[in-house]
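Here is the structure we will look at.
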Amino acid sequence: MASGNSEVPAGGYVASTVKQSVKILVVGHFGVGKTTLIGSVSEIMPLRTEELMTASSVGVDSLAGLDHKRTTTVALDFGRITISPEIVLYLFGTPGQRRFWNLWEGLAEGAVGALVIVDTRRLEDCFEVLDQLELRGGTPFAVVVNQFPDSPHYDAAKLRQALDLLPDTPIVFCDARVRQSSIDALVTLVEYALTTTGQKETV
Ligand SMILES: Nc1nc2c(ncn2[C@@H]2O[C@H](COP(=O)(O)OP(=O)(O)O)[C@@H](O)[C@H]2O)c(=O)[nH]1
Ligand SMILES: [Mg+2]
Numbered sequence: 445m446a447s448g449n450s451e452v453p454a455g456g457y458v459a460s461t462v463k464q465s466v467k468i469l470v471v472g473h474f475g476v477g478k479t480t481l482i483g484s485v486s487e488i489m490p491l492r493t494e495e496l497m498t499a500s501s502v503g504v505d506s507l508a509g510l511d512h513k514r515t516t517t518v519a520l521d522f523g524r525i526t527i528s529p530e531i532v533l534y535l536f537g538t539p540g541q542r543r544f545w546n547l548w549e550g551l552a553e554g555a556v557g558a559l560v561i562v563d564t565r566r567l568e569d570c571f572e573v574l575d576q577l578e579l580r581g582g583t584p585f586a587v588v589v590n591q592f593p594d595s596p597h598y599d600a601a602k603l604r605q606a607l608d609l610l611p612d613t614p615i616v617f618c619d620a621r622v623r624q625s626s627i628d629a630l631v632t633l634v635e636y637a638l639t640t641t642g643q644k645e646t647v
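The opening residue of the sequence shown carries number 445 in the working numbering; numbering runs sequentially from there.
Here it is as structure tokens:
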């Protein structure tokens with residue numbers, strides 16, 4: 445799937461040829477790489493709601509193992525990618541922590557699917573996210589394993605077992621900093637979502 449950047453008019457407005465918009469959620473616990481993934485694929489300057497972490501984050505968002513993490517997403521990330529002259533994807537990144545679940549409720553409405561980003565150094569953190577997607581039902585999702593230098597490596601079968609995923613839930617290994625890697629994850633999700641719903645929904 446080509447990114448179709450040539451179709452994007454100067455100034456970053458949506459091309460007049462676009463007839464359909466598709467919404468995708470990017471969810472995951474604090475520090476898994478949501479902002480990085482959206483930033484690596486977005487053709488517009490991603491809207492970020494990052495704030496420098498302060499002492500008030502202590503005990504709320506754990507920095508254990510995240511030496512370079514200095515900001516936290518307060519509400520959401522927003523990005524856009526034109527995948528053909530007629531179709532544009534909107535990406536909404538939202539934190540997985542339980543306290544953000546109300547935010548998701550609205551965002552998940554009409555979404556074609558969700559990318560659940562996981563960090564194998566803190567695998568247990570993604571259970572909250574997976575639980576919430578299961579509770580909601582109906583939003584197809586793919587699991588994206590964002591690999592950090594010190595991440596333990598598990599193969600897809602082990603991860604499927606550990607995360608108790610259905611046999612057909614896609615598992616993708618990704619480097620969220622690399623545009624093509626992030627695009628591959630999005631393509632996998634969209635292809636999977638199309639097999640589960642048989643149609644695209646609009647925003
Ligand atoms: N090595 C490596 N570092 C990454 C990757 N993705 C994100 N990071 C770094 O991990 C930290 C957390 O990423 P961020 O996108 O802010 O996480 P978020 O809280 O989920 O939005 C940042 O310092 C990123 O630069 C990746 O794929 N590989
Ligand atoms: Mg973020």
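Cβ atoms here follow ideal geometry from the backbone N, Cα and C, with glycine treated the same way.
None of these values were measured; they are calculated from a predicted model.
- In the three-state DSSP reduction, leucine 577 falls in the helix class (H, G or I).
- By the Cβ test, the region 569 to 585 is not in contact with the region 593 to 603, since fewer than three Cβ pairs between them sit closer than 8 Å.
- Comparing alpha carbon positions, the residue from Val462, Tyr636, Leu630 closest to aspartate 619 is Leu630.
- Shown here for valine 470: same chain residues with a beta carbon closer than 8 Å to its own, the five before and five after excluded, namely Lys478, Leu481, Ile482, Asp521, Leu535, Phe536, Gly537, Thr538, Ala558, Leu559, Ile561 in chain order.
- CA-CA distance, leucine 633 to aspartate 612, rounds to 11 Å.
- By the Cβ neighbour-count rule, asparagine 590 is buried, with 16 or more other Cβ atoms within 10 Å of its own.
- Taken in chain order, the unbroken stretches of alpha helix (DSSP H) that lie wholly in the region 513 to 562 and span 4 residues or more are 545 to 552.
- Within the model, the alpha-carbon separation for serine 528 versus proline 614 is close to 23 Å.
- In terms of side-chain proximity, the C-beta atom of lysine 463 is found no nearer than 7 Å to any non-hydrogen atom of ligand 2.
- If the five residues before and after serine 625 are omitted, its C-beta is found closer than 6 Å to the C-beta atoms of Cys618, Asp619, all from its own chain and listed in chain order.
- Annotation for isoleucine 468: Leu533, Tyr534, Leu535, Phe536, Ala555, Val556, Gly557, Ala558, Leu559, Leu630, Leu633, Val634 place their beta carbon closer than 8 Å to its own, counting only its chain and skipping 5 residues before and after.
- Counting other Cβ atoms within 10 Å of its Cβ, histidine 473 reaches 16 or more and is therefore classed as buried.
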